[in-house]
Structure formats: structure tokens, C-alpha cells
Ligand SMILES: [Zn+2]
Ligand SMILES: [Zn+2]
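Residue numbers (the working numbering): 91 to 358.
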């Protein structure tokens, strides 16, 4: 049985219609002790509907209400997935400080206000150039932004742009990846294992095994596991693989968060 799922989207996200009660009931049924609802807070992206920049007043109120109702059955964490870009950090700092968040995922979904999913950023670049561009942006984000708990799906740049951009020669990017991981660790932050790669035909978790291995070699300790589900059916999907990876790396703890403070949970 799995302990928690720390990356779940609900109908408050621009790309999900899932009902919160259904998510909670499903998580209880799965025997989870904790879940973090991490709806998208995505600001400063061109051509993205305003639904992505969620109404935090409403969202926070609803999560806190459900947190209280279900407190004897499951711990519900007030989370958010902040789609940070180097030029939007002030916005996120302001929003995140305003509410009693337990858990914040920082993710790079776009660069220069353009969503990676649109395929525009990839135009005229080779796969290596695109990945280098992406990782350098992530590095800039982790250097400048500190209002988060874990960095989301660190290498998911391979998901977008078509088959030409799939796969990665990790060795070519290891230097900048190392810098990213070191910055995260030295800032007292962590990363997540995001199992959604399997749903997007990538047949792997984010980040890929060599990056996870490197994270722990460099002294990384804080780690959450998340399905990135937008439908309740995906909650804890492919977690068996994530747990197997941790076993292979001899990692015995995952992290839970309360008001942004990490707590270590023994998983085996
Ligand atoms: Zn994301
Ligand atoms: Zn997500």
C-alpha cells in the first residue's frame, strides 16, 4: 500500500473536471494516509485561458473546508503547482505568501510566456538545443525562486514537440542538471517522482533514473511521489514503479509537508 499521492489536480485546474469529493473518496479507498491537491496556478503565459490562473480565494476555502471534514480519515494538504518563469516570480511569491499552503510544487511549463505544449518553442531547434534551453531556464528558476517545496517533473521537456524531441541524451545535460540539483538541495528543497510519463507514452517516471540517482548521490533527501492525475482513476497510478526505483536506490524515506515544512516518512 502507498502512503501518499502528492500531485493531484481537480476541477479547479484549467485542464481537469474532477470533483474533489471523488478524489478524496478514491484516495481513502486506496488506503492513502495523505494527499496533496496541487491545482495549477499558471500566470504570465500567452494564449492560455484565464482558467489556469485559478481563483485562490475559492480554491483555498474549499480545500480547507474538506481538510476539516475528512481529518479523521485522510490528511488533505493544501497545495498548488506554480508554473514559474524567471519573469513571473514576484507574482508567485505574493500569491503563495498570502495563503496557508502546506505544499507548493514549482514547475517549468513554459519559457518566455510560451507553453512548451504548444510546440512553438521547439521550432528551429534540435532536440539537444531545446533540452539545453529548458534546463537552463529551470536553473534560473531554482536560483531565483525559493517559495516552493519540491520542483516538479524536472525533465519532462521530452513530452512535447513531437517524436523528434522524445528521449534524452542525459550525459549532454548532466552539467546543468547537476547545478539544478545542487541549488535545490542547498536551498533545502526537494524534487518529486512524477509517474505521469507513463500516461504520455514516455514509459518512464520524471525525472529519469540517472537524474534521481544523481540527486541522492549529491545528498538530496526531500522527495515526494505524485501521479499528476487529472482524473481520479490515475491517483497512485504507476507508484509501484516509483517505489521499486527507490528500493533500487536504497532510499527508505519519502517526505510529507505541513505548512511547507518537511517531515520524513519511512516507507520500508
Ligand atoms: Zn506540471
Ligand atoms: Zn501537475
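Built from N, CA and C at the ideal position, the CB exists for glycine as well.
How big is the Cα-Cα spacing for residue 278 and residue 115? By 1-based counting over the chain shown, the position of residue 278 is 188. By 1-based counting over the chain shown, the position of residue 115 is 25. Residue 278 and residue 115: Cα-Cα distance of roughly 33 Å.
From this set, 329, 190, 335, 273, which residue's C-alpha is nearest residue 308's C-alpha? For the purposes of this step, residue 308 is identified with residue 218 of the chain shown, where counting begins at 1. Nearest of 329, 190, 335, 273 to residue 308, Cα basis: 273.
For residue 303, collect the residues of the same chain with a Cβ closer than 7 Å to its Cβ; drop the 5 residues on either side in sequence, then sort them by chain order. Start at 1 with the first residue of the chain shown, and residue 303 comes out as number 213. Within the same chain, residue 303 has close Cβ partners 339.
When we look at the beta-carbon of residue 91 and count the other beta-carbons within 10 Å, is it buried (16 or more) or exposed? Taking the chain shown and counting its residues from 1, the one referred to as residue 91 is at position 1. Around the beta carbon of residue 91, a 10 Å sphere encloses fewer than 16 other beta carbons of the protein chains shown; the residue is thus reported as exposed.
What number of angstroms, rounded off, separates the C-alpha of residue 250 from the C-alpha of residue 324? In the chain shown, counting from the first residue as 1, residue 250 sits at position 160. In the chain shown, counting from the first residue as 1, residue 324 sits at position 234. Going from the Cα of residue 250 to the Cα of residue 324 covers about 21 Å.
Run through DSSP, which three-state label would residue 263 get? Working through the chain shown from its first residue, we reach residue 263 at position 173. In the structure shown, the three-state DSSP call for residue 263 is helix.
Let me make sure I understand the geometry here. Which of 195, 350, 188, 219 has the alpha-carbon closest to that of residue 242? For the purposes of this step, residue 242 is identified with residue 152 of the chain shown, where counting begins at 1. Considering only alpha carbons, the answer is 195.
Name, in chain order, the residues that DSSP records as bridge partners for residue 171. If you number the chain shown from 1, residue 171 lands on position 81. DSSP lists 130, 195 as partners of residue 171.
Tell me whether residue 159 is buried or exposed, calling it buried when 16 or more other Cβ atoms sit within 10 Å of its Cβ. Position 69 of the chain shown, counted from the first residue, corresponds to residue 159. Under a 10 Å Cβ-count criterion, residue 159 is classified as exposed, with fewer than 16 other Cβ atoms of the shown protein chains found around its own Cβ.
Take every Cβ of the region 184–195, pair it with every Cβ of the region 219–232, and state whether three or more of those distances are shorter than 8 Å. Not touching, per the Cβ criterion.
Under 7 Å: does the beta carbon of residue 292 sit that close to some heavy atom of ligand 2? Residue 292 sits at position 202 when you count from the first residue of the chain shown. It does not: the Cβ of residue 292 is nowhere closer than 7 Å to a heavy atom of ligand 2.
Beta-carbon proximity list for residue 139, same chain, < 7 Å, skipping 5 on both sides: Sequence index remark: in the chain shown, residue 139 carries index 49 (1-based). Once the five neighbours on either side are set aside, the close Cβ partners of residue 139 are 104.
Note down, in chain order, each residue of its chain lying with its Cβ closer than 8 Å to the Cβ of residue 355, except the 5 sequence neighbours on either side. Locating residue 355 in the chain shown gives position 265, where the first residue counts as 1. Same-chain partners within the cutoff: 93, 94, 343, 344, 345, 346.
Return the bridge partner residues of residue 240 from the DSSP annotation. As a first step, residue 240 must be located in the chain shown, where it is residue number 150. Under DSSP, the beta-bridge partners assigned to residue 240 are 195, 280.
Distance, Cα to Cα, residue 190 vs residue 284? Taking the first residue of the chain shown as position 1, residue 190 is located at position 100. Taking the first residue of the chain shown as position 1, residue 284 is located at position 194. Linking residue 190 to residue 284 through their CA atoms gives a straight-line distance of about 24 Å.
Relative to the C-alpha of residue 297, which residue among 99, 258, 320 is closest? One-based indexing of the chain shown puts residue 297 at position 207. For residue 297, the nearest C-alpha among the options comes from 258.
Is it true that the CB of residue 167 sits closer than 8 Å to the CB of residue 113? Here the question's residue 113 lines up with position 23 in the chain shown. Here the question's residue 167 lines up with position 77 in the chain shown. No, these two residues do not count as a Cβ contact at 8 Å.
In terms of alpha-carbon separation, which member of 246, 209, 260 lies closest to residue 252? If you number the chain shown from 1, residue 252 lands on position 162. Comparing C-alpha distances from residue 252 to each of 246, 209, 260 shows the shortest one belongs to 209.
So residue 362 is in the beta strand (DSSP E); what residue range does that whole segment cover? Any question about residue 362 goes unanswered here, given that the chain covers just 91 to 358.
Near residue 149, what residues of its chain come up, given a Cβ to Cβ distance below 7 Å and the 5 sequence neighbours on each side ignored? One-based indexing of the chain shown puts residue 149 at position 59. If we look at residue 149 and ignore the five residues flanking it on each side, its Cβ neighbours are 102, 129.
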